[in-house]
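Following UniProt numbering, the numbering of the sequence shown begins with 1 at its first residue and continues without gaps. Only one structure is covered here, and it is reproduced in the block below.
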Amino acid sequence: ILEAEWDAFEKRSAQLVELLGKGSSDVLHADLRELYDKTRYILNTNGRLLLATSRVCLHHPEHMAAQHARDFASKSLSDALDQIRNVFDENKQPATLKLKVSGKLLDEIEEFENSTLIDVDHFDDKRARTQMERHLKGLLPSIYRLADAPQTRSTHQKAVYTHCKQLQLSLGNLLGEYNRQPPDQPALSSAMQYLLNTTGDLKQLLIRIAVDHVTQTLIDKHGPLMALGDATKFGNDRRMDTTCQQFQAHCSCMVAAAYEVCSLTSNEEVCKSVQLACSQLEQLCPHVISAAYLLFKYPHSRSLELNFEAFQSAYQRATQLLFFSLGELTSVHDMLNVMDEQMIGDLQRAVRALSENNENEVQQAAVSMQHRSSHVCDVVERKMDTQVDNLEYVDHVMEKVTLLRNEYTPTFTEVSRDTLSRLAAHQTVDEARFRRAGSNLCTAVHDVRMAVLTETDLPSELEVLSVRRRNSQVDDNVAGNQLQDDKQAKATSPDKSSANQLHVDSPDHWVAQENHQSERTELYAMLSRPEKESMAQEMVGFLEEKKRFMREVVKWDDSANEIIVLAKKMCVIMMEMTDFTRGKGPLNSTMEVIQVSVSPFFRPFAFQSAQHISELGQRLDQLCRHIADLCPNSASRRDLLAYLQRVTLHCHQLNITGRVKAGVQAARSEVVENATALIQAARNLMTAVVLTVKESYIASTKFRVHNREPVVKWQMHAPAKKPLIPSEGHPLQDAYELGGWTDSREVNQPDALGELSQFDHMSARGPSEVGF
Numbered sequence: 001i002l003e004a005e006w007d008a009f010e011k012r013s014a015q016l017v018e019l020l021g022k023g024s025s026d027v028l029h030a031d032l033r034e035l036y037d038k039t040r041y042i043l044n045t046n047g048r049l050l051l052a053t054s055r056v057c058l059h060h061p062e063h064m065a066a067q068h069a070r071d072f073a074s075k076s077l078s079d080a081l082d083q084i085r086n087v088f089d090e091n092k093q094p095a096t097l098k099l100k101v102s103g104k105l106l107d108e109i110e111e112f113e114n115s116t117l118i119d120v121d122h123f124d125d126k127r128a129r130t131q132m133e134r135h136l137k138g139l140l141p142s143i144y145r146l147a148d149a150p151q152t153r154s155t156h157q158k159a160v161y162t163h164c165k166q167l168q169l170s171l172g173n174l175l176g177e178y179n180r181q182p183p184d185q186p187a188l189s190s191a192m193q194y195l196l197n198t199t200g201d202l203k204q205l206l207i208r209i210a211v212d213h214v215t216q217t218l219i220d221k222h223g224p225l226m227a228l229g230d231a232t233k234f235g236n237d238r239r240m241d242t243t244c245q246q247f248q249a250h251c252s253c254m255v256a257a258a259y260e261v262c263s264l265t266s267n268e269e270v271c272k273s274v275q276l277a278c279s280q281l282e283q284l285c286p287h288v289i290s291a292a293y294l295l296f297k298y299p300h301s302r303s304l305e306l307n308f309e310a311f312q313s314a315y316q317r318a319t320q321l322l323f324f325s326l327g328e329l330t331s332v333h334d335m336l337n338v339m340d341e342q343m344i345g346d347l348q349r350a351v352r353a354l355s356e357n358n359e360n361e362v363q364q365a366a367v368s369m370q371h372r373s374s375h376v377c378d379v380v381e382r383k384m385d386t387q388v389d390n391l392e393y394v395d396h397v398m399e400k401v402t403l404l405r406n407e408y409t410p411t412f413t414e415v416s417r418d419t420l421s422r423l424a425a426h427q428t429v430d431e432a433r434f435r436r437a438g439s440n441l442c443t444a445v446h447d448v449r450m451a452v453l454t455e456t457d458l459p460s461e462l463e464v465l466s467v468r469r470r471n472s473q474v475d476d477n478v479a480g481n482q483l484q485d486d487k488q489a490k491a492t493s494p495d496k497s498s499a500n501q502l503h504v505d506s507p508d509h510w511v512a513q514e515n516h517q518s519e520r521t522e523l524y525a526m527l528s529r530p531e532k533e534s535m536a537q538e539m540v541g542f543l544e545e546k547k548r549f550m551r552e553v554v555k556w557d558d559s560a561n562e563i564i565v566l567a568k569k570m571c572v573i574m575m576e577m578t579d580f581t582r583g584k585g586p587l588n589s590t591m592e593v594i595q596v597s598v599s600p601f602f603r604p605f606a607f608q609s610a611q612h613i614s615e616l617g618q619r620l621d622q623l624c625r626h627i628a629d630l631c632p633n634s635a636s637r638r639d640l641l642a643y644l645q646r647v648t649l650h651c652h653q654l655n656i657t658g659r660v661k662a663g664v665q666a667a668r669s670e671v672v673e674n675a676t677a678l679i680q681a682a683r684n685l686m687t688a689v690v691l692t693v694k695e696s697y698i699a700s701t702k703f704r705v706h707n708r709e710p711v712v713k714w715q716m717h718a719p720a721k722k723p724l725i726p727s728e729g730h731p732l733q734d735a736y737e738l739g740g741w742t743d744s745r746e747v748n749q750p751d752a753l754g755e756l757s758q759f760d761h762m763s764a765r766g767p768s769e770v771g772f
């Protein structure tokens, strides 16, 4: 009877899973899509648990642990089905997946940064000092909690405490500058920039610590579970107790590390997947241990064996979901940076233990190095599988990964085994051979990291956009009134305008261009290789955030949506500014990045400046606050206003960064620090803009006011028109199709960068129509 009932349930469950999969791809509401995906996961995972636990209850009804496990499986399935049923019930609202710590620490840091932005003319020392110190006191315990975690390395812990002391000192200096009479604006900007740089470095350090914790737990994510399975077959009572404790501790460490990463990210969608995986791991852990103990006591019971295998499979599935979700949250470059450092540390530990003839320590360090190299290969391969363009870059990275996996790792494994066997037999050990094999493995991991970083050396996309923009003579409509004044100035004073604006065909123009390009080239060429690597490490984070921007923003039609227009223009400016830091892009001199408004004719030529960013941010703030006013006393209003505070903060930070960089030509030692601060500010601002756009859409569509025109219209971008008769394909594309690349890498994506430069409709609209 049980098998017949299970067959019927499995058949209907498969049908429901299929329907939910189709509905998940069609539904537009994010919460509903997450509910569908969660229900599919529960049905696929916990359905077999119900069958396995029911068998155990039939064969061993005296064990309460089996009944508890069956109740857990039954309740999880019932709850998932009830949530889907509530979706179609008008009188009930489906329960949404609540986040625990998504972005909590990141929000605390940004709230502290917000509290330091005060108008000098309205500065009140007592009130400002109280507010800043309150935010700092609320922030420091969360930071110290992460730094004092058992798995935090001593070097990282010391660095966190040092940064916290610098943060307290920089806050005191900033308050001193605010109290100075008369105000010294350059000194105040410098003090503000120093504080923002300190918080930026602290955030980066905390992210590295969280990634370090994650890699320590996920590097051998299935090891404790496999050890538990071996203990049920070959262990004794003492081994079972020890193995269960280690398994439980490993599960707790995985969950804690996952929530640490969630507290330092703003990607709420992936955080929900992380929380689902963590919830499953926490619920499954005691049942896995109970199933293991039952199998240990009754090793010949087939039903108990199947029961343990079912819980083992469910636990592995949850671990894999956590692994993939954390891979989405954490940057592969942060992971590679951490792995690079850890590999060197493990090699040093192994060599030191080898000199002391410590067999256990050598074995632990060698196994750790092997696991780390395999983990690096897995993560990088997964990243390359998602890469749909720049196949030369993918091939270059995969070549390094193949060498690491197929050559250097097996060689080190063989050498370490031989070394351990000689140590166990008390024979002479070839330390030089072991050291050479370990060094080659560390070098191979470093080569993989450098190969992944070469993505930042791709040709600048903005150079193409800038050429297209100038060819189409699209002017900057954001500061429309200012440009009208500029045109009037040119008309009333033609001599002055011709003196300020060089003709593009004049020899003086090309001389100035060559001088600017030589300045940019010298600025980048003066950096050493480690300094360029440090800048590339920061740049890849910006590029990843830019890809997220492309996915979330360019899909909207900007012809009737000023928010999308503003977001696109802000993205273009930030891309140009960050490209300059690595010697690329349309900006040729530091003055083009630094100066706010040198002359009325400078803006149309450069199309960027920190002041320009501020103007765009102010207009975005006005529009989004208007949307927020239409949904009072709601979570959407609170979230939207919080994201707008981030936009204001990071616009101000980028503005300050531009002002303080005036001495960049004279101070070589500050080049990397200045460029890093600029890239971090641009990345933070782009993150805030993406979140603002998403929340604006939610607030606009969730709260509609009858008999009132919407603030902006949200329409998907129409697909590009295709000719009836297709043109001949590109020879290189044909080669890829013949080579079999199309099936595995072809993804239907819009030309995001092409859409980003399509502002032609703006030139036909006046400033009043755009909103300026």
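Ideal placement from N, C-alpha and C gives every residue a C-beta, glycine not left out.
- Taking all protein chains shown into account, Arg-382 has fewer than 16 neighbouring C-beta atoms within 10 Å of its C-beta and is therefore exposed.
- DSSP, reduced to helix, strand and coil, places Trp-714 outside both helices and strands of the structure shown, so it counts as coil.
- For Gln-83, the enclosing alpha helix (DSSP H) stretches over residues 64-87.
- According to DSSP, residue pairing for Trp-556 in a beta bridge involves Met-716.
- Here the alpha carbon of Arg-33 sits roughly 11 Å from the alpha carbon of Arg-40.
- Separation of Ile-289 and Glu-431 (C-alpha to C-alpha, rounded to the nearest whole angstrom) is 42 Å.
- Judged by DSSP in its simplified three-state form, Gly-21 adopts helix.
- For Glu-269, the number of other beta carbons within 10 angstroms of its own is below 16, and it is reported as exposed.
- Gln-185: member of the alpha helix (DSSP H) spanning 185-218, first to last residue.
- Taking the C-beta atoms as reference points, Leu-281 is found no nearer than 9 Å to Cys-262.
- Look at the beta carbons and you see the segment 317-333 not touching the segment 414-434: under three pairs across the two are nearer than 8 Å.
- No Cβ-Cβ contact shorter than 9 Å links Cys-253 with Ile-344.
- Put simply, the backbone Cα of Asp-237 is about 12 Å away from that of Leu-228.
- Taking the CA atoms as reference points, Thr-411 sits about 19 Å from Gln-342.
- Annotation for Ile-289: the continuous alpha helix (DSSP H) segment containing it runs 268-297.
- For Ala-52, the CB contacts under 7 Å within the same chain, skipping 5 residues up- and downstream, are Leu-306, Asn-307, Ala-310 in chain order.
- With 16 or more other Cβ atoms from the protein chains shown falling within 10 Å of its own Cβ, Phe-549 counts as buried.
- Taking 9 Å as the cut-off, the beta carbon of Thr-198 is found no closer than this to the beta carbon of His-222.
- Rounded to whole angstroms, Phe-123 and Asp-378 show a C-alpha spacing of 53 Å.
- The count of Cβ pairs closer than 8 Å, one atom from the segment 50-70 and one from the segment 283-300, reaches three, so the stretches are in contact.
- Using a Cβ distance threshold of 9 Å, Phe-542 and Met-574 count as a contacting pair.
- Taking Glu-545 as the centre and dropping the five residues before and after it, the same chain places the C-beta of Arg-683, Met-686, Thr-687, Val-690 closer than 8 Å to its C-beta, in chain order.
- Under the DSSP assignment, Ala-128 falls in the alpha helix (DSSP H) whose first and last residues are 125-147.
- At a Cβ-Cβ threshold of 9 Å, Val-712 and Ile-613 do not count as neighbours.
- Taken through DSSP and simplified to helix, strand or coil, Gly-176 comes out as helix.
- The continuous alpha helix (DSSP H) containing Arg-238 extends over residues 237-262.
- CA-to-CA, the gap between Lys-165 and Tyr-144 works out to about 12 Å.
- The segment 72-79 makes contact with the segment 42-49; the number of CB pairs closer than 8 Å reaches 3 or more.
- Comparing alpha carbon positions, the residue from Glu-111, Val-448, Ala-191, Asp-148 closest to Arg-405 is Val-448.
- In chain order, Gly-617, Asp-621 place their CB closer than 7 Å to the CB of Thr-648, counting only its own chain and leaving out the 5 sequence neighbours on each side.
- Annotation: Phe-234 to Ser-303 spans about 19 Å, alpha carbon to alpha carbon.
- When DSSP states are grouped into helix, strand and coil, Ile-344 belongs to the helix group.
- Assignment of Arg-153 by DSSP, reduced to helix, strand and coil, places it in the coil class.
- Here Asn-406 carries a helix assignment [DSSP, helix/strand/coil].
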